[in-house]
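Sequences listed follow chains A and B, in order.
The first sequence begins at 35 in the numbering used here and counts up by one.
The second sequence begins at 677 in the numbering used here and counts up by one.
The C-beta atom is built at its ideal place from N, Cα and C for all residues, glycine as well.
Note that the structure is predicted; figures quoted are calculated from it, not measured.
Single-structure report; data block below.
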Amino acid sequence: MEEKLFLLGDEAVAQAALDAGVSGCYAYPGTPSTEIMEYVQASRQAAGSGVVREWSANEKTAMEAALGMSYAGRRAMVCMKHVGLNVAADTFMNAAITGVNGGLVVVVADDPSMHSSQNEQDSRYYGHFAQIPVLEPSDQQEAYNMVREAFDLSERYGVPVLLRLVTRLSHSRTGIRRQPPREQNPLRLPSDPKQFVLLPSIARRRYRQLLADRPKFMEESEREDGHNSYTRHEGARRGILACGLAYNYLMENFPGGVPYHVLKVSFYPLPDKLVRQLFADSDEIIVLEEGYPFAEEMLLGVPPRTEPVIRGRLDGTLPRDGELDPWLVGKALGLDLEDPEETPGLAVPRPPSFCPGCGHIDVYKALNVAMEKYGAGRVFSDIGCYTMGALPPYNAINSCVDMGASITMAVGAADAGLVPSVAVIGDSTLTHSGMTGLLDAVNKKSPVTIIISDNDVTAMTGGQLPAGLGKIEQICLGVGVEKEHLHTIVPLRKHHEENVKIMEEELAYEGVSVIVARRECVRVAAARKKNKNR
Amino acid sequence: MKTDIILAGVGGQGILSIAAVIGLAAVKEDLYIKQSEIHGMSQQGGEVYSHLRLSDRPIHSDMIPKGQGDLILGVEPLESLRYLPYLKKEGWLVTNTSPYENIDNYPDPGQLFEEIRKLPHHLLVDAAALAREAGSARAANMVMLGAAEPFIQVSDDHLIAAIRELFARKGEKVVETNIKAFKAGKAAAERVG
């Protein structure tokens with residue numbers, strides 16, 4: 035038997051990109067996508083062929099760099115979690131208009147059920163919005179194969195291609211068969227020197243080109259040997275449309291074969307011809323898809339069609355939110371499945387918590403004391419380990435919305451009269467999307483106190499190198515924070531009293547104050563010590 | 677042949693190492709395998725589980741269907757109970773008895789054991805003590821892997837080779853401790869079985 039690699043879905047994507055001759059991988063860490071870049075960074079193959087593979091400051095800078103590499107004729111991949119695509123959306127939408135030169139594959143990992151996210155948005159809508167091809171693998175081997183093809187597709191049609199993953203596929207490990215590696219592209223400028231200049235006159239031309247290519251994407255979608263396939267079951271009146279991972283949940287329930295017509299969808303736009311055939315053969319169609327009812331809404335149309343009957347997440351056949359699983363799919367198909375045991379009441383939830391000795395704990399203990407005289411409800415926070423400050427016993431923060439929103443929401447609340455307003459943000463989040471907000475605050479002399487809880491690492495996602503390492507104070511001063519109102523403190527129990535005092539003084543100042551609370555992440559410190567002792 | 681295992685514990689207890697050992701061993705035996713993991717936020721002292729599916733035929737779902745798991749392997753007693761919805765009626769629950777109490781409302785351990793004893797097939801193992809005897813309290817996860825060995829249709833030789841492979845970069849002493857822990861767990865399970 036040929037050798038198989040035992041890889042996570044994310045790692046299969048990474049290996050596939052390397053085998054496809056990618057020259058640069060760009061990303062900002064975010065669950066469940068982080069392991070793609072981590073694999074590329076650890077790969078000897080990538081090191082040997084000089085693949086560019088540093089973390090970017092955020093998803094937008096990552097996507098822009100990837101587009102630049104594509105401009106220069108080489109293959110580039112950019113990876114992020116679903117909400118990261120919101121950050122990179124400006125580049126993403128416009129890259130569909132510029133088109134590409136070297137292949138450009140955008141990998142987005144969605145997190146249905148919000149295991150580690152603030153929403154469960156479905157990235158297929160972004161692919162539809164940008165009007166580019168979307169690939170959605172049903173398993174890890176397909177993910178590997180699709181990355182290879184996505185690069186080819188991207189170069190064949192001159193557009194970026196979106197690969198949509200979901201948590202369960204990204205974070206499940208299985209045997210992967212590789213294909214022979216391909217050489218990287220040489221440096222080669224676009225044949226049209228104006229291709230990437232989106233002045234209105236050129237943008238209109240480029241957009242018409244994208245629209246003109248739509249029928250070709252449909253041809254790909256309907257190709258016999260492509261990723262969408264229709265299997266007719268003689269005599270059946272029910273049809274199933276199963277997208278991506280949901281196809282596996284369907285197959286799991288029918289080890290002896292599915293007794294219905296099945297349209298397996300792993301490529302979008304949806305295949306017109308095959309959907310028509312499914313309609314013609316079925317009285318009832320059940321749509322199985324992970325995430326939002328994307329395909330279901332399209333099948334229903336406006337006004338909602340009544341023949342055939344379309345079932346799925348919208349009519350309650352499946353839950354409207356949350357991820358699917360084999361049991362839910364089996365039930366939706368009317369299988370006689372026993373209700374599972376319930377979790378005994380004794381097994382109470384065990385939410386994530388700060389590591390013992392974490393510096394964020396000392397930050398919140400000091401902040402809670404300093405805030406006593408102002409009362410609760412004034413602390414805006416952000417996304418990272420320190421978001422757990424919302425949980426008992428700290429109950430220290432009042433917001434967590436998107437990367438960087440702490441500073442700007444504090445500014446807005448101060449504008450409304452909530453003075454002082456406080457922001458708590460991490461070092462990596464600051465360099466991701468907090469610096470521009472800090473500039474806004476400085477320019478309007480907003481009465482906000484900003485605490486940068488700096489642990490020298492991107493901790494929540496497992497300890498990646500942050501973009502602002504060693505530069506945080508310089509960044510603040512550079513943006514215009516006054517020297518007298520920029521403090522660096524060490525969040526340790528022994529400094530509690532003086533840290534409270536500094537916070538109290540700065541809370542009383544009616545302008546921008548920044549307190550950098552710096553202590554290395556305890557997990558990183560432990561790992562460093564262990565490496566040293568080895 | 678098909679074995680569906682739910683691994684349960686708290687972030688940091690080495691659940692993914694158990695999964696990695698079984699996975700490496702299964703790959704050596706040319707079995708089909710899918711191993712679903714939890715990464716991200718929950719790893720910070722929260723509930724962590726992994727679904728491990730082994731079969732001699734292709735496996736579709738990464739998740740074990742509810743009510744079809746053959747074995748819950750717990751490195752922590754409360755966590756082992758959390759995943760009962762995934763266990764089939766005649767399935768086994770094998771768990772370490774040492775509670776990991778990092779929440780205020782952690783239940784009385786006696787009640788937990790009572791709940792576990794209600795199951796037709798259960799095995800309680802004092803993995804912490806056996807791990808210390810083997811040389812490191814941190815090896816409790818390998819004790820539990822050993823205790824589950826009779827339920828996993830993968831050969832000992834391959835499991836031990838996989839432990840070697842996984843811990844090789846941490847030095848020979850760590851490898852030997854983990855193999856000792858594995859064997860102690862297996863012996864404990866055999867005494868009961």
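- Exclusion of the five residues before and after B:Ile-740 leaves Asp-680, Ile-682, His-727, Arg-729 and Tyr-762 as the residues of its chain whose Cβ lies within less than 7 Å of its Cβ.
- A:Lys-307 is not a Cβ neighbour of A:Glu-254, given a cutoff of 8 Å.
- Around the beta-carbon of A:Val-231, fewer than 16 other beta-carbon atoms lie within 10 Å, marking it exposed.
- Against chain B, the CB of A:Phe-163 has no partner CB under 8 Å away; the residue lies outside that interface.
- Beta-bridge partners of A:Asp-144 (DSSP): A:Val-200.
- Counted as a single uninterrupted DSSP element, the beta strand (DSSP E) harbouring A:Arg-207 occupies residues 206 to 210.
- Annotation: Cβ neighbours of A:Val-382 in chain B (cutoff 8 Å, chain order): Leu-754, Ile-779, Asn-781, Tyr-782 and Pro-783.
- Note that the C-beta distance between B:Ile-839 and B:Val-830 is not below 8 Å.
- One finds nothing in chain A with a Cβ atom closer than 7 Å to the Cβ of B:Glu-766; even the nearest lies about 12 Å away.
- Per DSSP, the continuous beta strand (DSSP E) segment holding B:Gln-711 begins and ends at 708 to 712.
- When C-beta distances to chain B are compared with 7 Å, every residue of the segment 496 to 516 of chain A stays at or above that value.
- Judged by DSSP in its simplified three-state form, A:Phe-163 adopts helix.
- A Cβ of chain A is located within less than 8 Å of the beta carbon of B:Gly-743.
- Exclusion of the five residues before and after B:Ile-694 leaves Leu-683, Asn-817 and Leu-821 as the residues of its chain whose Cβ lies within less than 6 Å of its Cβ.
- Uninterrupted beta strand (DSSP E) stretches at least 3 residues long and entirely within the segment 367 to 428 of chain A do not occur.
- Take the alpha-carbon of A:Tyr-281 and the one of A:Asn-179: they are about 17 Å apart.
- Interface residue (Cβ-Cβ distance to chain B less than 8 Å): A:Asn-219 is not classified as such.
- Here A:Gly-350 is exposed: its Cβ has fewer than 16 other Cβ atoms, across all protein chains shown, within 10 Å.
- Here the segment 304 to 319 of chain A makes no contact with the segment 396 to 403 of chain A; the two share fewer than three CB pairs at distances below 8 Å.
- Residue pairing for A:Ile-319: DSSP places it in a beta bridge opposite A:Gly-273 and A:Ile-344.
- Shortest Cα-Cα distance from A:Val-413 to any of A:Cys-419, A:Pro-427 and A:Cys-434 involves A:Cys-434.
- Here the alpha carbon of A:Gln-165 sits roughly 37 Å from the alpha carbon of B:Gln-719.
- For B:Thr-771, the secondary structure class from DSSP, reduced to helix, strand or coil, is strand.
- Taking a C-beta distance under 8 Å as the contact criterion, A:Val-117 and A:Leu-196 do not qualify as a contact pair.
- Taking 8 Å as the CB threshold, B:Leu-788 lines the interface with chain A.
- For A:Leu-348, the closest C-alpha among the options A:Val-363, A:Asp-359, A:Phe-328 and A:Trp-361 is that of A:Phe-328.
- Around the CB of A:Ala-560, fewer than 16 other CB atoms lie within 10 Å, so the residue is classed as exposed.
- In terms of CA proximity to A:Asp-173, A:Leu-199 leads the group A:Ser-157, A:Leu-199, A:Val-491 and A:Arg-158.
- Contact check for A:Gly-460 and A:Asp-416: beta-carbon distance about 6 Å, within the 8 Å limit, so the pair qualifies.
- Where A:Glu-540 is concerned, the enclosing alpha helix (DSSP H) starts and stops at 530 to 542.
- Rounded to the nearest whole angstrom, the C-alpha separation of A:His-149 and B:Leu-799 is 30 Å.
- Put simply, of A:Ser-204, A:Ala-54 and A:Glu-539 the residue whose alpha carbon is nearest the alpha carbon of A:Gly-136 is A:Ala-54.
- Residue pairing by DSSP puts A:Thr-265 in a beta bridge opposite A:Val-296.
- The C-beta distance from A:Tyr-302 to A:Gly-161 rounds to 6 Å, short enough to meet the 8 Å contact threshold.
- A direct Cα-Cα distance of roughly 17 Å separates B:Gln-787 from A:Glu-376.
- For B:Glu-791, the neighbours in chain A by C-beta distance under 9 Å run, in chain order, Pro-378, Leu-380 and Ala-381.
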